[in-house]
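Those protein sequence lines, which keep their order, are chains L and U.
For the record, in the first sequence the residue sitting at position 59 is 59 according to our numbering, with numbers rising by one throughout.
If you count the second sequence from 1, you need to add 1000 to reach our numbering.
For each residue, glycine too, the CB sits at the ideal point set by N, CA and C.
Here is the structure we will look at, set down as structure tokens.
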Amino acid sequence: MLIINCPYCGARPELEFAYGGQAHIDRPVQPADLNDEDWTGYLYLRENTKGIHAERWRHLHGCARFFNALRDTRTDHFLATYKVGEKAPEVTRP
Amino acid sequence: MSDLTLVSPAASHKEAGSAAVASPFTGHSKVIAPLGHFGRAVLRVSEDLIDAVSERLGVTLPREANRSATQDDLSALWLGPDEWLLISSEPHDSWAASLQQKLGDALVALVDVSHRQVALGLESPHVEDLLASGCALDLREAAFPVGACTRTMFDKAEVVLWRTGAHSFHIEVWRSFARYVEGLLRIAEEEG
Ligand SMILES: [Zn+2]
Chain L
1 MLIINCPYCG ARPELEFAYG GQAHIDRPVQ PADLNDEDWT GYLYLRENTK GIHAERWRHL
61 HGCARFFNAL RDTRTDHFLA TYKVGEKAPE VTRP
Chain U
1001 MSDLTLVSPA ASHKEAGSAA VASPFTGHSK VIAPLGHFGR AVLRVSEDLI DAVSERLGVT
1061 LPREANRSAT QDDLSALWLG PDEWLLISSE PHDSWAASLQ QKLGDALVAL VDVSHRQVAL
1121 GLESPHVEDL LASGCALDLR EAAFPVGACT RTMFDKAEVV LWRTGAHSFH IEVWRSFARY
1181 VEGLLRIAEE EG
């Protein structure tokens, strides 16, 4: 089983976690000021990375907190996990 | 399903004093039995209020992940960095209200969940192996010592595991999943 390091609880089995989509997407401060194209981009358009992807995860059946992870989408290898609000750490591909 | 007949607590309980809650299963289990009634509440407190709230409740809310603290009848189980499960072994109808009174004007969220979940007691020298039948966590005493607690999955059911002794666990489970969890642990017991 894949083991994921929760920044709060440590190493835990994959089945306790839920995927939360691409990380570091800020909600526009004034959505009303956006044109349709930019709003569509915020709502729907995401990267389709082949390689290291910053993404949100939630330790749903553990501490229930959201956190961020760097995962290699080609290998499903987790390179780092970090708390929401922190900058993504520098990582090198394994 | 004949094995769902309710049996009397006297018949299903291994020891006196382990509380008057009937197991839905017939037949005696040496390792698993429903525990008695508890008061339960989920408490959410922001970091800056943890000390003040601990003082008002009379129990220190653990800051360390997956640890519990007990004072008299009240235990606080760490569930998340701002979330604790409060368990009282001496519940009464106004228990949650009395907590609310202690908390006073502190800006917290307190939800009475006394009847949302029930408690199962698991006791065996092989308690870690029994739980390993449905839980992927490392529950050896070195990794999960007495007093440790965590929300996790047991097979398909979300549970809170709380180690109460070297060979004993208190399992909190939503009441509609209790029979499922107890049944699986009985199978694990049978299969040794
Ligand atoms: Zn966690």
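Residues of the segment 61-86 of chain L that bring their beta carbon within less than 7 Å of a beta carbon in chain U comprise H61, G62, C63, A64 and R65, in sequence order. For the segment 1071-1083 of chain U, the set of residues with a beta-carbon nearer than 8 Å to any beta-carbon of chain L comprises L1079, G1080, P1081 and E1083, in chain order.
Chain L has a Cβ within less than 8 Å of the Cβ of U:L1137. Interface with chain U (8 Å Cβ-Cβ cutoff): L:L2 is excluded.
By the criterion of a C-beta distance shorter than 8 Å, L:H53 is surrounded in its chain by Q22, E47, L70, R71, D72 and T73, once the five residues flanking it on both sides are discounted.
Judged by their CB atoms, U:L1077 and U:V1160 are nearer to each other than the 8 Å cut-off.
For L:K83, the enclosing beta strand (DSSP E) starts and ends at H77 to K83. Secondary structure note for L:I25: it is in no beta strand (DSSP E), with a DSSP letter that is neither H nor E. Contact between the segment 1164-1184 of chain U and the segment 1120-1136 of chain U is present, with at least three C-beta pairs closer than 8 Å. When the Cα atoms are used, L:A64 and L:R58 turn out to be separated by approximately 6 Å. Look at U:R1040 here: in three-state DSSP terms it is strand. For U:G1165, the enclosing beta strand (DSSP E) begins and ends at A1157 to G1165.
By the Cβ neighbour-count rule, L:N68 is buried, with 16 or more other Cβ atoms within 10 Å of its own. Residue state for L:T40 is assigned as helix, using DSSP reduced to three classes. Annotated as proximal: L:L15 and U:M1153, with beta-carbon spacing under 8 Å.
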